[in-house]
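Numbering of the sequence shown is given in UniProt numbering, commencing with residue 1 and proceeding in unit increments.
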Amino acid sequence: MCGAPNQDLDLTGVDLSKEAVIAGFVTRGEDPVAGAYVRLLDSTGEFTAEVPTSATGQFRFYAAPGTWTVRTLAPKAQPVDRSVVAAVGEVARVDVSV
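In C-alpha coordinates form, the structure reads like this:
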(Lines of atoms letter the chains of each structure in order from A and count residues from 1; the text may use other names and numbers.)
(Lines give C-alpha, C1' and ligand atoms only; values in the text may rest on other atoms or scores of the structure.)
Protein backbone atom coordinates (compact mmCIF):
# COMPACT_ATOMS: atom_id res chain seq x y z
CA MET A 1 0.00 0.00 0.00
CA CYS A 2 1.40 3.42 -0.90
CA GLY A 3 1.45 6.51 1.27
CA ALA A 4 -0.67 8.59 -1.10
CA PRO A 5 -3.72 10.31 0.39
CA ASN A 6 -7.23 9.19 -0.45
CA GLN A 7 -7.72 10.41 -4.04
CA ASP A 8 -10.87 12.47 -3.83
CA LEU A 9 -11.63 16.18 -3.76
CA ASP A 10 -13.08 16.18 -0.24
CA LEU A 11 -10.66 18.34 1.73
CA THR A 12 -12.38 17.98 5.09
CA GLY A 13 -9.71 18.20 7.76
CA VAL A 14 -7.12 19.80 5.46
CA ASP A 15 -5.84 23.15 6.74
CA LEU A 16 -5.57 25.05 3.46
CA SER A 17 -3.86 27.95 5.23
CA LYS A 18 -0.81 25.66 5.41
CA GLU A 19 -1.19 23.63 2.19
CA ALA A 20 -0.95 24.10 -1.57
CA VAL A 21 -3.19 21.49 -3.18
CA ILE A 22 -3.32 20.34 -6.81
CA ALA A 23 -6.39 18.22 -7.55
CA GLY A 24 -8.69 17.23 -10.38
CA PHE A 25 -10.38 14.57 -12.47
CA VAL A 26 -9.29 12.41 -15.38
CA THR A 27 -12.06 11.57 -17.83
CA ARG A 28 -12.57 9.98 -21.24
CA GLY A 29 -15.62 11.55 -22.78
CA GLU A 30 -18.17 11.70 -19.95
CA ASP A 31 -16.66 8.77 -18.03
CA PRO A 32 -14.10 8.88 -15.20
CA VAL A 33 -10.83 7.05 -15.80
CA ALA A 34 -9.95 4.88 -12.82
CA GLY A 35 -6.40 3.61 -12.45
CA ALA A 36 -4.72 6.23 -14.62
CA TYR A 37 -1.42 7.50 -13.24
CA VAL A 38 -0.95 11.18 -12.61
CA ARG A 39 2.59 12.47 -12.16
CA LEU A 40 3.74 15.73 -10.65
CA LEU A 41 6.81 17.25 -12.31
CA ASP A 42 8.64 20.29 -10.92
CA SER A 43 9.48 23.42 -12.92
CA THR A 44 12.59 21.72 -14.36
CA GLY A 45 10.61 18.65 -15.48
CA GLU A 46 11.94 16.42 -12.70
CA PHE A 47 9.61 13.70 -11.39
CA THR A 48 8.35 14.53 -7.89
CA ALA A 49 5.36 12.29 -7.18
CA GLU A 50 2.81 9.95 -8.74
CA VAL A 51 -0.67 8.84 -7.69
CA PRO A 52 -3.29 6.59 -9.29
CA THR A 53 -6.72 8.02 -9.96
CA SER A 54 -9.59 6.82 -7.79
CA ALA A 55 -12.59 4.85 -9.06
CA THR A 56 -14.17 8.23 -9.86
CA GLY A 57 -11.12 9.50 -11.76
CA GLN A 58 -9.97 11.87 -9.02
CA PHE A 59 -6.41 12.70 -7.94
CA ARG A 60 -4.75 15.03 -5.42
CA PHE A 61 -1.26 16.25 -4.57
CA TYR A 62 0.09 18.41 -1.76
CA ALA A 63 2.81 20.53 -3.34
CA ALA A 64 5.14 23.39 -2.61
CA PRO A 65 4.03 26.74 -4.00
CA GLY A 66 5.14 27.29 -7.58
CA THR A 67 4.70 26.13 -11.15
CA TRP A 68 4.21 22.41 -11.75
CA THR A 69 3.38 20.07 -14.61
CA VAL A 70 0.68 17.44 -14.12
CA ARG A 71 1.31 14.52 -16.50
CA THR A 72 -1.52 12.03 -17.00
CA LEU A 73 -0.81 8.49 -18.20
CA ALA A 74 -3.95 6.52 -19.02
CA PRO A 75 -4.50 3.24 -20.86
CA LYS A 76 -5.10 3.63 -24.60
CA ALA A 77 -4.26 7.37 -24.52
CA GLN A 78 -1.31 9.60 -25.23
CA PRO A 79 0.26 11.28 -22.18
CA VAL A 80 -1.33 14.65 -21.41
CA ASP A 81 0.62 17.47 -19.72
CA ARG A 82 -1.01 20.44 -17.99
CA SER A 83 0.82 23.35 -16.38
CA VAL A 84 -0.51 24.55 -13.04
CA VAL A 85 0.47 27.08 -10.40
CA ALA A 86 0.10 25.95 -6.79
CA ALA A 87 -0.31 28.45 -3.95
CA VAL A 88 -0.74 28.00 -0.22
CA GLY A 89 -4.38 28.45 0.72
CA GLU A 90 -5.71 27.40 -2.67
CA VAL A 91 -6.75 24.30 -4.58
CA ALA A 92 -5.32 24.41 -8.11
CA ARG A 93 -7.87 22.46 -10.13
CA VAL A 94 -6.62 20.46 -13.11
CA ASP A 95 -9.15 18.41 -15.06
CA VAL A 96 -7.80 16.23 -17.87
CA SER A 97 -9.63 14.58 -20.75
CA VAL A 98 -7.80 11.68 -22.40
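A virtual CB, placed ideally from N, CA and C, is assigned to each residue, including glycine.
Quick caveat: nothing in here was measured; it's all calculated off a predicted structure.
Measuring alpha carbon to alpha carbon, tell me which of the options ends up nearest residue i.
{"i": "PHE75", "options": "PRO52, GLU30, ARG60 and ALA86", "result": "Looking at the sequence shown, residue 75 is not Phe but Pro. The option with the nearest alpha carbon to PRO75 is PRO52."}
{"i": "ARG82", "options": "ALA49, GLY89 and ARG93", "result": "ARG93"}
{"i": "ASP95", "options": "GLY45, THR44 and GLY29", "result": "GLY29"}
{"i": "VAL85", "options": "PHE61, ALA55, SER97 and THR27", "result": "PHE61"}
{"i": "SER17", "options": "GLY89, SER97 and VAL98", "result": "GLY89"}
{"i": "THR69", "options": "SER54, VAL98 and GLY45", "result": "GLY45"}
In the structure shown, what three-state DSSP assignment does residue i receive?
{"i": "LEU16", "result": "coil"}
{"i": "SER83", "result": "strand"}
{"i": "PRO75", "result": "coil"}
{"i": "ASP95", "result": "coil"}
{"i": "GLU90", "result": "coil"}
{"i": "THR69", "result": "strand"}
{"i": "THR53", "result": "coil"}
{"i": "THR44", "result": "coil"}
{"i": "ALA23", "result": "strand"}
Report all residues from its chain with a CB closer than 8 Å to the CB of residue i; omit the five preceding and five following residues, and keep chain order.
{"i": "GLU50", "result": "TYR37, VAL38, ARG39 and LEU40"}
{"i": "ALA87", "result": "ALA20 and PRO65"}
Taking 7 Å as the limit between beta carbons, can you name the residues of its chain near residue i, skipping five residues before and five after?
{"i": "THR48", "result": "LEU40, LEU41 and ASP42"}
{"i": "GLY57", "result": "PHE25, VAL26, THR27, PRO32, VAL33 and ALA34"}
{"i": "THR67", "result": "SER43, SER83 and VAL85"}
Which same chain residues, not among the five before or five after residue i, have their C-beta less than 6 Å away from its C-beta?
{"i": "GLN78", "result": "none"}
{"i": "VAL91", "result": "VAL21 and ALA23"}
Should residue i be counted as a contact of the ligand NAP given a C-beta to heavy atom distance under 7 Å?
{"i": "ALA64", "result": "As for the ligand NAP, it is missing from this structure, which has no ligand bound."}
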